[in-house]
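Chains as they are written, first to last, in UniProt numbering: chain D, 1 to 193; chain R, 1 to 193; chain B, 1 to 193. Every residue, glycine too, gets a C-beta built ideally from N, C-alpha and C. Structure first, commentary second.
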């Protein structure tokens, strides 16, 4: 008799557990997920873009490769560079010094896509190769460059960043005419494997 | 004695629960996931692309910025525009009227990549800025433009669309020569945070 | 008395289970995930890129559409093609024979982004259309083409590859001057629906 009471007391627990299990399972398969409170990995990195302007072939890390019919590929186009496509291979550093030892390269392209203000669309990857990290992180998104901060999406990764996802906050850390800019990138990864 | 029976009756339950837990855990870490039955968020939006053709500089929202050696950047290339790259900053509206108040901009690029038919590869983002939504959604994929519907991938997002993923169905809602087209985009998000 | 012992013996189990449940739940919502041991789907495919060089208009599946100011769109640029953007629509085959029946097309673009070595950034999709698979897989990433193998990210998919993610390993299977190359792609998908 006492034993059966033990079992009865057990039943609500079982129900509670099954309920919790159902919640857990449905969290896994349904589409509305709890927003992660904090990243599983954070990186603060800087990259340095030196745009070819006809005079700096030796130092340039980027070049205009496409432009609209009314512009050319040596000078950034009028109307806030609308239509210019730039390919780059920029050094990544841990601080804001162009001459610090690079920990990798930022590679890909950006294109200016708005007439009224400086606005870019970015598709690029960080290729990290240091004692800390080896692997790539790929980014996609829009960059309204005059905003103090702007977020782009981290859509994938390889190596130490296998399958990662997250958000990166871009900040213009320096801007010198149409020749040099430096971006600070706060990479916040919310899926790490 | 009764108590030990209570405990024994409990053991199969424990095993069942552990088994269920293992299933749940493996659902979490294994790779084959249950296909979500319905999106966690759906948006139906239209965007309007007015391509620069040498005559419409004031209204154009898009421009050819690259083309193959045999073509130029004012007129879309022969062979179904193969090789043309177009940069755009198009208004997004809630209905099919170009003059409706925009809720955001579609920004990025498309490139025509097939000689035999009109076929595009897309990389772009929606930048939504309305009372309903603030944030970006990024898209990647192929667009066989003559198909009634075609799916591209939603690969990331920021703001209200933090880390989102899903599929977007494109439909050509209007097409006027080589100057204007309007796409209806049914965005179906299956991961929302 | 025996019954209450039964219940007491039960309590640690409940705690253990709740603890396990918490772990499971937090695995679901937290960001550090167990690395999947093996892919849920694997594909080994080849694609064939025939670059337009001014003489092969009929056969070419790819064309230079953008280049830096110092180069043109008929001949790949000096400095390891830095700045060249190539648009392609390449046949995909199950083996390394260009003339095997294609199972789909690889469509998108690559851009050479490094002066010192051949290095590309890729944005493209596989459009598969065979009895085995119908759907698209989209890729983003860097391709240091001289490495024996290099990984890019699978960032999305549609159709049979709805919402997929993973990693693809690229290997140069053949390379003939600046006119033809063949890539072997080992697609490893770790999220399948």
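State buried or exposed for residue i, treating a residue as buried only when at least 16 other CB atoms are found within 10 Å of its CB.
{"i": "residue 106 of chain B", "result": "buried"}
{"i": "residue 60 of chain B", "result": "buried"}
{"i": "residue 54 of chain D", "result": "exposed"}
{"i": "residue 113 of chain R", "result": "buried"}
{"i": "residue 63 of chain D", "result": "buried"}
{"i": "residue 194 of chain B", "result": "As shown, chain B starts at 1 and ends at 193. That puts residue 194 of chain B outside it, with no answer to give."}
{"i": "residue 97 of chain R", "result": "exposed"}
{"i": "residue 95 of chain R", "result": "exposed"}
{"i": "residue 226 of chain R", "result": "Given that chain R is displayed from residue 1 to residue 193, the structure contains no residue 226 of chain R and the question cannot be resolved."}
{"i": "residue 43 of chain B", "result": "buried"}
{"i": "residue 119 of chain R", "result": "buried"}
{"i": "residue 28 of chain R", "result": "Legend: pLDDT at residue 28 of chain R = 45, less than 50; position of this residue unreliable, value from coordinates given subsequently. Residue 28 of chain R should be labelled buried."}
Anything in chain D within Cβ reach of residue i, meaning under 8 Å, just list it in chain order.
{"i": "residue 63 of chain R", "result": "68, 69, 82 and 83"}
Determine the direct distance from the alpha carbon of residue j to that of residue i, and round the result to whole angstroms.
{"i": "residue 84 of chain B", "j": "residue 65 of chain B", "result": "8 Å"}
{"i": "residue 93 of chain B", "j": "residue 189 of chain R", "result": "32 Å"}
{"i": "residue 144 of chain B", "j": "residue 131 of chain R", "result": "44 Å"}
{"i": "residue 115 of chain B", "j": "residue 79 of chain B", "result": "5 Å"}
{"i": "residue 82 of chain D", "j": "residue 91 of chain R", "result": "16 Å"}
{"i": "residue 140 of chain B", "j": "residue 154 of chain R", "result": "13 Å"}
{"i": "residue 70 of chain B", "j": "residue 76 of chain B", "result": "11 Å"}
{"i": "residue 171 of chain D", "j": "residue 129 of chain R", "result": "20 Å"}
{"i": "residue 121 of chain D", "j": "residue 156 of chain R", "result": "14 Å"}
{"i": "residue 176 of chain R", "j": "residue 50 of chain D", "result": "41 Å"}
{"i": "residue 173 of chain D", "j": "residue 192 of chain D", "result": "28 Å"}
{"i": "residue 186 of chain D", "j": "residue 39 of chain D", "result": "11 Å"}
{"i": "residue 180 of chain D", "j": "residue 58 of chain D", "result": "14 Å"}
{"i": "residue 169 of chain R", "j": "residue 73 of chain D", "result": "35 Å"}
{"i": "residue 102 of chain D", "j": "residue 109 of chain B", "result": "28 Å"}
{"i": "residue 162 of chain B", "j": "residue 136 of chain B", "result": "8 Å"}
{"i": "residue 133 of chain B", "j": "residue 56 of chain R", "result": "43 Å"}
{"i": "residue 164 of chain D", "j": "residue 164 of chain R", "result": "13 Å"}
Taking the alpha carbon of residue i as the reference point, which residue from the options has its own alpha carbon closest?
{"i": "residue 67 of chain D", "options": "D/86, D/51, D/50 and D/57", "result": "D/86"}
{"i": "residue 111 of chain D", "options": "D/100, D/129, D/103 and D/123", "result": "D/123"}
{"i": "residue 52 of chain D", "options": "D/103, D/42 and D/178", "result": "D/178"}
{"i": "residue 167 of chain B", "options": "B/158, B/142 and B/176", "result": "B/142"}
{"i": "residue 127 of chain R", "options": "R/36, R/39, R/47 and R/41", "result": "R/47"}
{"i": "residue 152 of chain B", "options": "D/159, D/151 and D/148", "result": "D/159"}
{"i": "residue 146 of chain B", "options": "B/183, B/134, B/136 and B/125", "result": "B/183"}
{"i": "residue 100 of chain R", "options": "R/193, R/45, R/108 and R/33", "result": "R/45"}
{"i": "residue 117 of chain R", "options": "B/89, B/32 and B/37", "result": "B/89"}
{"i": "residue 41 of chain R", "options": "D/32, D/164 and D/41", "result": "D/32"}
When the cut-off is 9 Å and only beta carbons count, does residue i lie next to chain D?
{"i": "residue 153 of chain B", "result": "yes"}
{"i": "residue 127 of chain R", "result": "yes"}
{"i": "residue 138 of chain R", "result": "yes"}
Would you say residue i reaches chain R, if we count a Cβ-Cβ gap shorter than 9 Å as a contact?
{"i": "residue 186 of chain B", "result": "no"}
{"i": "residue 180 of chain D", "result": "no"}
{"i": "residue 78 of chain D", "result": "no"}
{"i": "residue 168 of chain B", "result": "no"}
{"i": "residue 91 of chain D", "result": "no"}
So which residues on chain B does residue i lean against when the C-beta distance must stay under 7 Å?
{"i": "residue 88 of chain D", "result": "113"}
Please list the partners that residue i has in chain B, where partner means a Cβ-to-Cβ separation under 8 Å.
{"i": "residue 107 of chain D", "result": "113, 114, 119, 121 and 142"}
{"i": "residue 124 of chain D", "result": "121"}
{"i": "residue 52 of chain D", "result": "68 and 69"}
Against residue i, what residues of chain D qualify as contacts under a CB-to-CB distance less than 7 Å, listed in chain order?
{"i": "residue 157 of chain R", "result": "153"}
Could one say the Cβ of residue i lies closer than 9 Å to chain B's Cβ atoms, at least one of them?
{"i": "residue 196 of chain D", "result": "The question about residue 196 of chain D has no answer here: the residues shown for chain D are numbered 1 through 193."}
{"i": "residue 30 of chain R", "result": "In this prediction, residue 30 of chain R has a pLDDT of 46, which is less than 50 and means its spatial position is unreliable; nothing more can be read from the coordinates."}
{"i": "residue 194 of chain R", "result": "Lying outside 1 to 193, the shown extent of chain R, residue 194 of chain R is not represented and no answer is given."}
{"i": "residue 57 of chain D", "result": "yes"}
{"i": "residue 173 of chain R", "result": "no"}
Run down chain R in chain order and give the residues with a C-beta less than 9 Å from the C-beta of residue i.
{"i": "residue 72 of chain B", "result": "69"}
Given that residue i touches chain R, what residues does it touch there, using C-beta distances under 7 Å?
{"i": "residue 103 of chain D", "result": "Chain R residues near residue 103 of chain D: none, gap ~24 Å exceeds 7 Å."}
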